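Worksheet: one structure, shown below.
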Amino acid sequence: MAAYIVRRLWQMIPTMLGVILLVFVLFNWVGGDPAYVLAGKISNQEQIDNIRRQLGVDQPYWVQLWIFVKQVLTADFGASWSTNERISHILATRLGPSLTVLVPLLILDTIISVALALAVAYVRGSLTDRLVMILCTVGLSISILVYIIVFQYFFAYKLGWFPVQGWGSGFWENLVVYSSLPILIGLVVSIAPSLRLYRTFVLDEINQDYVRTARAKGVGENRIMWVHVLRNASIPIITYVMAALPGLLLGAFLIERFFSIPGIGREVILAVERSDFPVIKAITVYVAFATILSNLLADLMYKAVDPRVQLK
Amino acid sequence: MRDLRVSFRLDRHNTFEAVRGISFDIPRDATLALVGESGSGKSVTALAILGLLPPENSIVHAGSEVVYGGRNLVGLPTRELRALRGADISMIFQEPMTSLNPVFTVGSQLEEVLRLHRGLSGKAARRRSIELLDEVGIPDPAFKIDAYPSQMSGGQQQRVMIAMAIACEPKLLIADEPTTALDVTIQKQILELIDDLKRRHQMSVLFITHDLAVVGEIADHVVVMRNGEIREQGPARAIFETPRDAYTKALLQCRPRLDRRPTRLPVIDDYMAAGHHGPAHLEERRRGVGAGDPVILEVRNLSKSFFAREGLFGRREFKAVRDVSFTLRKGKTLGLVGESGSGKTTVGLTLMRLHEATGGEVLFEGRDILRMSEAEFMAYKRRIQIIFQNPYASLNPRFTVGQILTEPMMIHRIGSSTQERTDLAFEMLAKVGLPEVSFYKYPHEFSGGQRQRIAIARCLTLRPDILICDESVSALDVSVQAQVLNLLQDLQDEFRLSYIFISHDLAVVKYLSDQVMVMNNGELVEMADADEIYRAPREPYTQRLLAAIPRGWQPARA
Amino acid sequence: MSTDAATLPRAHRPGGPREVPRHVSPGLWTLAWRRLRADRVAMVSLWIVAAFLVMMVLSGSGLIASDWSREVGVNYAPPTFVGPDAGGQGPGAASPHGDAGPTAASEFESTVVDPIGDVIAELRRGQAPSGAAHGGDVVDPLADVMKDIRSQKGAAAGGTVDPLADVMKDIQSGRGAPAAAAAEERRATLPFGGDKWGRDVLKKTIKGSETSIFVGIAAAFVATLIGTLLGALAGYYGRWIDDALNWFYNVFSSVPYLLLILAVAAVLQQKGMTTIILILGLTGWTGIFRLIRAEYLKHKGREYVQAADAIGASHGRKMFVHIFPNVSHVVLVQLSILTVGFIKAEVILSYLGFGVPVDVVSWGSMLNEAQNELILGKWWQLAAATAAMALLVTAFSLFTDALRDALDPKLKGLKGH
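This is the structure in structure tokens:
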């Protein structure tokens, strides 16, 4: 077990170096000279000179790469180009609001989707099943933008059930008052694809031989679905949820933007709009690292829930 | 328990009748064997008894009756049916690996049955489960009860299935091909276990199988099915000694036997033709290798290892083949037998360089083909060809048969023009007994036996010297198997081909081989002339292996 | 070795010595097509998708909707079936900027404005006029540019008979849109309403569809090509090639997809159709790479490939002549899944202003405008863009599902045993 984890951690290093290289190539090589990028955005020539010196723009590429690697390792990306806020501070303060929306969203989405998937798979082939699936397809075909625009307009602006946007200071206030509508929209958007996917997981299991064995033993249909099938289907579901975790951090960026929730996703959009490279670089690298780690975690969980897999 | 009376009349959807109105009785305390080839409807019958057919695509026709204990099980409310399942009537399946739920321990799956039908729970259920595991011969049951199915061997998994099936002392045990997926030595143990349990618990057993040899060993009564209909039924003695139906006769004859080796195997058509009683007498073919037979292939110390990553940097070596040496003589057949995991298939693939050998030499006409460069090997590649086990997977489904047959010739520049190659392909089709129109068809339009003929034709286009048959007839039904074996024999006679015939089926190997080589755990156990090895095996492993072969009907038993 | 699928005899050559009746046998593709034909949902979806594609081609070649930017109606002209705006916005009466809206709406607008909206506006103003139209602010900094464009086009197309009248009549299936000659003055209503400048929403939607679908399809082709090629190489050859390509894949897939797109968008300063196609294509190949790699790994071990090896087929031949046709259904299904995904991604990018250039209309840029119009109660542009997208994407998805079922080789015994 320990040897396995150590080996996996060891194997991560090339991937992490690759991410650093990718980000470096993208921003330092494709992106070009910050003086050019920032022309017209920052009028203060001294500040631009300062930024160029920090990045080592006039030096060879390998020196620039080394500067960047040092930034990653020390978690010190300097300050934002446009607001001068420390980037470590930006990341620390933006994480909370993002999680406030995303954690409840993920939990609710998983519970609702799994329950619906079991129900729909149980009546597979029926009219209900087909209607739900078509509804999912239609629901999926509408852009998330439309859901946000329409829901915000009706529920917040027209009906006044929720605040149109904003963010408070207390956790419960944020969760209950400001996050409710964003979470609702997030659910509407995320349940359709999750349900479709989980349904196929469940269907894969329903057709297995062990289900026939359970029936031959005289086990009831409810117990077959909720005990035998669910336990097996939960293996791919857990893996999927774990792997989707870091992506979610970004996935809700449109929601954060529309509802003025000061989270990571909104920060990325702002940074892209302002060409605030250090912020994007920092977020990209750390989110990628988080993904790599959660992939490992997903693997470990997979091995923990599936007795067929032996750790080597 | 009163006599059990079962009669059927059920239909499958889509105008396909899997079982067409069959009737038979299962007597108390006896074993009834339901025999048939694939598509005969024998498994459908078994599933229908317990109402386990998938409801979305199967229709049990009105009027069908499955009478158990005075009640008709067809149309019985699910709740009542469920009370019977696992308690009065229980079932075991072909694939023990997939039939057990992989994420629950063996114990919890056993306890589930006990809780459902016996109301046992907690310690009592666990104690009973351990007893059951002990009864079916699982070593160290108190420990194994907490194992997951994947931590057990195939034979043990099937034992657990049996433990689950007998947990509630059922009156009837339905066994659907319970030993087909197992090695022959394990098969023998499982058969003995079922027979033993049947006697101890006074159960009836409905034993479903395609293997007449197995039937001969265990059955009291036999029902022979074909295409959803019953061809013949009666006591085992009557079926085996005085079969009345032509199909039954054919089935009994076309399976190669250990004690006889006719020049040709009888095939179904010989019997099904009206009024024909089959070839009356068939000459015995003599097998064996003489000192004068020229050696075509010599293998010295062939080894093949696979590596798996392990630990931080380490890798674990798995030796699939260790130091195997043998010679193959021109125009002769070398049988290669062994149980699963013995490395016999790996030998075949390594000879062809489909796997890269780890060590050893393969001398073909004195030259080591393992050391040759790719370009040099091309010429020899043509001369060693292979026929695989699964006729469904070995033909590219996107090619027409014509493309399949002409491609090898094109690659090896046999025939000067497309026209010539096409003509050659037609010739080969005729040789393997397929109509000319097959040239334009796709593989999916053919049956398993026909596809295997196409695969043989593909090899023949290259005019090889050596043909490796890797379980080439194992996936085929008995009647088709006989036809393909005859074809292989004819081709050997005509072209003086040398065969390496790899199979787990000892009877088939005996029929076709001049020499037999037994493998176990990657090592060569014994090699000798076929007749000799079957008559007087020297090594204990070979003896065990041969003893496990189902002998079929032994008149002395009755 | 000159080996090529085409040189294999597909049919017995006519005039040969052997006279066998030419048997036309259905291949797997034909069988799949037959299964697909039997599926009514799939066929309806296929027709809808085909109609959209025809529309895209016609629009792209300038046959329809080429005059989409003409201001033919009043500002915010309502759809004909709703009737003229009761608020009395006569022809030319309203200002081009929606400041005539209700006060409540104006207030709302100011609250919706991003807290940093000003900053951005400032930045934009400082920038070259190629900056994107950006949501959250009704005042369009690009109005001048647009006006220029429009006046040019208007001059060119002025006074001609509306070439689209017939087409539109068909589309609306007889909803009362009189095929009137182009009026010099702006009309009070338009078939499906007008936008802020009084441009026909219907034509705008057609033009927007052209952009969005084209970007989606083109990017899907780029991504599929990259993913398939790399996946085939990695899966087939294994060893160090697989290790290297897997590393490449791991690097790309550990950056969440949208973040990667945004990062690339941030770096590439110039905007254009090619840019967005490349952004989507170069970042979206990972999924198909993984699938194709797995397929090649699986098929490499299949007996028919070993059989091809045994008869001496070369690597290239095994890879592309033998294996590829057997995995091509995966490629096809992935291609259509990617197309749907990229259409949706383009909409989001264009909405945010990182997508297509400002003078190009797409569903995303329409939604951008529509957001503010909705607050004013002008729902039709939102409805038109949403409906067009939902219809296409639903049809496309249903067709993809049906395609997957029809191509599933399970029925053909490939997975047998």
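Chains as they are written, first to last, in the working numbering: chain A, 1 to 312; chain B, 1001 to 1558; chain C, 2001 to 2417.
All residues carry an ideal CB built from backbone N, CA and C; glycine is no exception.
A quick note: this is a predicted structure, and the numbers were derived from the prediction, not measured.
Chain-ordered chain C contacts of residue i [CB-CB under 7 Å]
i	result
A/F27	V2267
A/L140	S2397
CB-CB length for residue i against residue j, believed under 8 Å
i	j	result
A/L145	C/I2348	7 Å
B/E1361	B/R1300	5 Å
B/P1537	B/E1526	7 Å
B/R1128	B/L1114	6 Å
A/W167	A/P97	6 Å
B/M1164	A/K281	B/M1164 to A/K281, Cβ: 59 Å. No contact.
Residue i versus the options, residue with shortest Cα-Cα distance
i	options	result
A/Q71	A/P182, A/I20, A/Q152	A/I20
A/D49	A/F289, A/W81, A/Y61	A/W81
C/L2225	C/A2390, C/D2067, C/L2335, C/F2342	C/L2335
B/V1295	B/R1261, B/E1339, B/R1367	B/R1367
B/E1037	B/S1479, B/H1504, B/K1144, B/E1317	B/S1479
B/T1098	B/P1178, B/T1400, B/R1451	B/P1178
C/Y2257	C/A2345, C/L2392, C/L2382	C/A2345
B/L1193	B/I1387, B/H1221, B/M1161, B/V1224	B/M1161
B/E1494	B/K1510, B/N1520, B/L1349, B/L1460	B/L1460
C/K2271	C/T2030, C/G2284, C/V2251, C/V2360	C/V2360
B/A1507	B/K1249, B/P1550, B/L1467	B/P1550
B/G1051	A/R212, A/S143, A/L99	A/R212
Chain-ordered chain B contacts of residue i [CB-CB under 7 Å]
i	result
A/Q208	T1098
C/R2302	A1393
Beta-carbon proximity check, residue i vs residue j, cutoff 8 Å
i	j	result
B/S1425	B/G1402	Sequence inspection shows Ala at residue 1425 of chain B; the Ser mentioned does not correspond to that position. Going by C-beta atoms, B/A1425 is nearer than 8 Å to B/G1402.
C/G2231	C/I2292	yes
C/S2254	A/T15	yes
B/A1475	B/M1428	no
C/S2365	C/E2210	no
C/A2050	C/A2406	no
C/R2199	C/S2069	yes
B/L1363	B/E1298	yes
B/S1090	B/L1173	yes
B/V1019	B/G1039	no
B/H1504	B/V1347	no
B/T1218	B/T1031	As written in the sequence, residue 1218 of chain B is Ile, which differs from the Thr given in the question. Yes, they are a contact pair.
B/L1434	B/R1453	yes
B/V1106	B/A1147	yes
Chain-ordered chain A contacts of residue i [CB-CB under 8 Å]
i	result
B/A1083	G218
C/N2434	Lying outside 2001 to 2417, the shown extent of chain C, residue 2434 of chain C is not represented and no answer is given.
B/A1087	G218
C/L2273	Sequence check: residue 2273 of chain C is Met here, not Leu. Simply none; closest approach about 19 Å.
Contacts that residue i makes with chain A (C-beta to C-beta distance below 7 Å)
i	result
C/K2344	S143
B/V1113	K217
Residues that residue i contacts on chain C, provided the C-beta gap is smaller than 8 Å
i	result
B/L1354	Q2306, D2309, A2310
A/Y153	L2374, I2375
8 Å Cβ cut-off: residues of chain B touching residue i
i	result
C/G2027	R1398, T1400, Y1442
Partners in chain C for residue i, counting only beta-carbon separations shorter than 9 Å
i	result
A/P14	W2247, N2250, V2251
*Are three or more beta carbon pairs between the region 255-272 of chain A and the region 156-168 of chain A nearer than 8 Å?*
A contact is defined here as three or more CB-CB pairs under 8 Å, and the region 255-272 of chain A meets this definition with respect to the region 156-168 of chain A.
_Sufficient close CB pairs (3 or more, under 8 Å) joining the region 1236-1256 of chain B to the region 1477-1495 of chain B_ = The region 1236-1256 of chain B and the region 1477-1495 of chain B touch, with no fewer than 3 CB-CB distances between them shorter than 8 Å.
*Any 3 or more C-beta pairs closer than 8 Å across the region 1016-1031 of chain B and the region 1180-1189 of chain B*: A contact between stretches requires three or more CB pairs, one per stretch, nearer than 8 Å, and the region 1016-1031 of chain B fails this requirement with the region 1180-1189 of chain B.
_Could you check whether the region 298-307 of chain A touches the region 122-136 of chain A, counting it as contact only if at least three pairs of C-beta atoms, one from each stretch, sit closer than 8 Å?_
Cβ pair count under 8 Å is below three, so no.
*If we count Cβ pairs, one from each stretch, closer than 8 Å, do we get three or more for the region 190-201 of chain A versus the region 100-118 of chain A?*
Result yes; three or more Cβ-Cβ pairs closer than 8 Å.
*Determine contact between the region 1372-1390 of chain B and the region 2310-2327 of chain C, defined as no fewer than three beta-carbon pairs at a distance below 8 Å.*
When C-beta atoms of the region 1372-1390 of chain B are compared with those of the region 2310-2327 of chain C, three or more pairs fall below 8 Å, so the two segments count as touching.
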